[in-house]
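Start counting at 1 in the sequence shown, then tack on 3, and there's your number in this note's numbering.
Just so you know, even glycine gets a beta-carbon here, dropped at the ideal spot from N, CA and C.
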Amino acid sequence: MTRTRILLVDDHPVVRAGLRALLSGCPDFEVCAEAPDGAAALRLVRELAPDLVLMDIRLGAGMCGLEATRRIGRLPAPPRVVVLTSYESDAYVVRAVEAGVAGYLLKGSPPDQLFQSLRTVAAGESALSPSVVSRLMNRYRAPKTVLTARETEILELIATGRSNREIGSALFISGTTVKTHLVHVYEKLGVENRTAAARAAVDRGLIAPQH
């Protein structure tokens, strides 16, 4: 039996150890190495040429998983990358697909689902967690929320932690005008405060997640 060689990339040693133990129970998988960050992942891909890379998105203060995925994709004969993360927002999924991942799985997925998804990707196809598929289908079926350019700018600044006064100064508008825009944003997104508005905008892919 040909075994699929997998590189594990996660900044938490406990997570890597758990995945290694889980995958060791499958005769068709072999964990060839582990990496705590994106830079180490790139080095190990060059050295070991794994078949698959199981990659988290957030990797501490260094290179994020999506940037590592983009760089891996530029290598000669790159391995296929599968994201394994706790983030299931639409924005993360879209950014991951744009980065070149072949699969997007959630850390809460049952082991059998994880194994089957890895086999699917190893066979040259793509794999998404069922809950991610449902979210994306609902997103494209639902009427799209339309924000103005100014509303989008304000939400992006809220997501970076700016106050209304700071937003007004950055955009050369008054604090009252900022509040007026936010009232319209709350109504469009069906939320009641700034934090919920920023979270909803990220979840719906209206603004990019902040790292």
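- Ranked by Cα distance from residue 198, the first of 67, 174, 97 and 167 is 167.
- The beta carbon of residue 120 lies closer than 6 Å to those of 106, 108 and 130 in the same chain, with the five residues before and after it left out.
- As summarised for the segment 102-140, the continuous beta strand (DSSP E) elements at least 3 residues long and confined to that stretch are 106-109, given in chain order.
- Taken in chain order, the complete alpha helix (DSSP H) segments of 4 residues or longer contained in the segment 144-173 are 152-162.
- The alpha carbon of residue 188 has as its nearest neighbour, out of 73, 47 and 204, the alpha carbon of 204.
- With respect to residue 35, residue 10 sits close: the two C-beta atoms are nearer than 8 Å.
- Between residue 210 and residue 185, the C-beta gap is not smaller than 8 Å, which leaves the two residues out of contact.
- Under the three-state reduction of DSSP, residue 9 is assigned to strand.
- With distances taken between CA atoms, residue 57 lies nearest to 37 out of 37, 50, 73 and 76.
- DSSP places residue 71 inside the alpha helix (DSSP H), whose first and last residues are 68-76.
- Around the CB of residue 183, fewer than 16 other CB atoms lie within 10 Å, so the residue is classed as exposed.
- A check of alpha carbon separations from residue 15 across 95, 59, 25 and 49 identifies 59 as the nearest.
- Looking at the DSSP output, residue 86 sits in a beta bridge with 58 and 107.
- The beta carbon of residue 98 sits closer than 8 Å to the beta carbons of 69, 211 and 212 from its chain, once the five residues preceding and following it are set aside; these are given in chain order.
- Under the three-state reduction of DSSP output, residue 33 falls in the strand class.
- No Cβ-Cβ contact shorter than 8 Å links residue 73 with residue 45.
- DSSP links residue 38 through a beta bridge to 12.
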